[in-house]
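Colleague:
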Amino acid sequence: MVAAVSTHPTSPRSSLRARLAAGTMSRPTQGLLMAFLGAVLVRLSLTDAYLRYVTPWMKWPILLSGVLLLGLAIGLVASDRTGSRSDDHDHDHGDDGDDGHGHGPIPLVTWLLVLPGLVTFVISPPQLGSYLAERRAGETQSVVEPASLTTLSSDEVVPVDVTEFIWRAQDGGTTLEGQPVELTGFVSYDKDDNWYVTRLTIGCCAADAAGFQVEVDAADDGAARPPRDQWVTVTGTYVPGSGTDGRTPPVLTATDVEQIATPKQTYE
Numbered sequence: 673m674v675a676a677v678s679t680h681p682t683s684p685r686s687s688l689r690a691r692l693a694a695g696t697m698s699r700p701t702q703g704l705l706m707a708f709l710g711a712v713l714v715r716l717s718l719t720d721a722y723l724r725y726v727t728p729w730m731k732w733p734i735l736l737s738g739v740l741l742l743g744l745a746i747g748l749v750a751s752d753r754t755g756s757r758s759d760d761h762d763h764d765h766g767d768d769g770d771d772g773h774g775h776g777p778i779p780l781v782t783w784l785l786v787l788p789g790l791v792t793f794v795i796s797p798p799q800l801g802s803y804l805a806e807r808r809a810g811e812t813q814s815v816v817e818p819a820s821l822t823t824l825s826s827d828e829v830v831p832v833d834v835t836e837f838i839w840r841a842q843d844g845g846t847t848l849e850g851q852p853v854e855l856t857g858f859v860s861y862d863k864d865d866n867w868y869v870t871r872l873t874i875g876c877c878a879a880d881a882a883g884f885q886v887e888v889d890a891a892d893d894g895a896a897r898p899p900r901d902q903w904v905t906v907t908g909t910y911v912p913g914s915g916t917d918g919r920t921p922p923v924l925t926a927t928d929v930e931q932i933a934t935p936k937q938t939y940e
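Numbering (the working numbering), first residue to last: 673 to 940.
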């Protein structure tokens, strides 16, 4: 007696169950996943949202990576369709059938790649701010000499980067004495409720961010204190002798505090 052998092709539903049991993903699904990630990268680079996470020079590598992922996704879907048509042709000629997707297994763990994209689209994390700066406030503010220094003029208010202001203070502070300056940054506080104009710097991405603070001594104690993470432009003069050791921030006696909108580029 010869056992009967089923010649019915495997149904799509049973094929899906088999892939799930084996812990694999189909090629079309992988293509859709790659297309999603590529779209996320392209969107980040074209909307300047990438500046929340990386330095400006990385715009073009991010855009190129997104375009490449989209191209690979199109190629995967196209090759899968071509393979499916070829398999259908083979079935018509009586060849032994399979599920029509005879490709190497792709682990289901690949789904984890979708998480960064979902976080970016759904949650849209903001740029780093006071939460990080306040928790790193005890670290030494070591600042290297800026590549270019602002030309100071004791007769006029001069906009100065927060990091340059700190470097000048650590250099003895003599170049800042009597010089009215304008500092721009977001507001952070310490445990004693003193407030600071603060900026973050990044070397490559937000993971290596470092915070730099200048304490603000507002001349008008009755004025409303700006809320945490509010961006401000503070005009004032340096308090001689403050911040020279790098262990404590320099102090600025403020004559004017203006609340402003968050700039496109938040890192120095």
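No residue lacks a Cβ here, since even glycine has one placed at the ideal position from N, Cα and C.
Short check: CB of Y803 to CB of T873, under 8 Å?
Modeller: Position 131 of the sequence shown holds residue 803. Position 201 of the sequence shown holds residue 873. No. Outside cutoff.
Colleague: How about L741 and L709: are their beta carbons less than 8 Å apart?
Modeller: What you label residue 741 is simply residue 69 of the sequence shown in a count that begins at 1. What you label residue 709 is simply residue 37 of the sequence shown in a count that begins at 1. For L741 and L709, yes; Cβs fall inside 8 Å.
Colleague: For the putative contact between E849 and Y910, defined by C-beta atoms under 8 Å, what is the C-beta separation to the nearest angstrom?
Modeller: Counting from one through the sequence shown, the residue named residue 849 turns up at place 177. Counting from one through the sequence shown, the residue named residue 910 turns up at place 238. Indeed they touch by this definition, with Cβ atoms about 6 Å apart.
Colleague: Assign S820 to one of two classes, buried (16 or more other C-beta atoms within 10 Å of its C-beta) or exposed (fewer than that).
Modeller: In the sequence shown, counting from the first residue as 1, residue 820 sits at position 148. When all chains shown are included, S820 counts as exposed.
Colleague: What would DSSP say about G857, mapped onto helix, strand or coil?
Modeller: Numbered from its first residue, the sequence shown carries residue 857 at position 185. In the structure shown, G857 sits in a strand (DSSP, three-state: E or B).
Colleague: Using a 10 Å radius around the Cβ and a threshold of 16 neighbouring Cβ atoms, would you call V791 buried or exposed?
Modeller: Along the sequence shown, read from residue 1 onward, the residue named residue 791 stands at position 119. Exposed: under 16 other Cβ atoms inside 10 Å.
Colleague: When DSSP labels each residue in this structure, what does R808 get in the three-state scheme?
Modeller: Translated into the one-based positions of the sequence shown, residue 808 becomes position 136. Coil.
Colleague: Using the Cα positions of S734 and T856, report the straight-line distance between them to the nearest angstrom.
Modeller: Counted from its first residue, the sequence shown places residue 734 at position 62. Counted from its first residue, the sequence shown places residue 856 at position 184. Reading the sequence as shown, one finds Ile at residue 734 and not Ser. Between I734 and T856, the C-alpha separation is close to 29 Å.
Colleague: How should W839 be labelled, buried or exposed, when 16 other C-beta atoms within 10 angstroms of its C-beta is the threshold for buried?
Modeller: In the sequence shown, counting from the first residue as 1, residue 839 sits at position 167. Per the 10 Å Cβ criterion, buried.
Colleague: Nearest to R807 by alpha carbon, out of C877, G789, L787, A881?
Modeller: Within the sequence shown, numbered from 1, the residue matching residue 807 stands at position 135. The shortest C-alpha separation from R807 is found at A881.
Colleague: In angstroms, rounded to a whole number, what distance separates the CA positions of L718 and T701?
Modeller: Position 46 of the sequence shown, counting from 1, holds the residue named residue 718. Position 29 of the sequence shown, counting from 1, holds the residue named residue 701. About 26 Å.
Colleague: What span of residues does the alpha helix (DSSP H) with R715 cover, start to end?
Modeller: As a first step, residue 715 is located in the sequence shown; it is residue number 43 there, counting from the start. Note, R715: alpha helix (DSSP H), 699 to 719.
Colleague: R840 by DSSP, collapsed to three states: which one?
Modeller: Reading the sequence shown from its first residue, position 168 is the one you call residue 840. Three-state DSSP puts R840 in a helix.
Colleague: Reducing DSSP to helix, strand and coil, say where T916 ends up.
Modeller: As a position in the sequence shown, residue 916 is number 244, starting the count at 1. Correct three-state label for T916: coil.
Colleague: What does the alpha-carbon distance come out to for the pair I746 and G789?
Modeller: As a first step, residue 746 is located in the sequence shown; it is residue number 74 there, counting from the start. As a first step, residue 789 is located in the sequence shown; it is residue number 117 there, counting from the start. Straight-line Cα distance between these residues: approximately 19 Å.
Colleague: Spatial neighbours of V829 within its chain, please: C-beta separation below 8 Å, excluding the five flanking residues on both sides.
Modeller: The residue labelled residue 829 in the question sits at position 157 within the sequence shown. P852, V853, E854, T907, listed in sequence order.
Colleague: E887 to T835, Cα distance in whole Å?
Modeller: Here residue 887 refers to the residue found at position 215 when the sequence shown is read from its first residue. Here residue 835 refers to the residue found at position 163 when the sequence shown is read from its first residue. Distance between the alpha carbons of E887 and T835 is about 13 Å.
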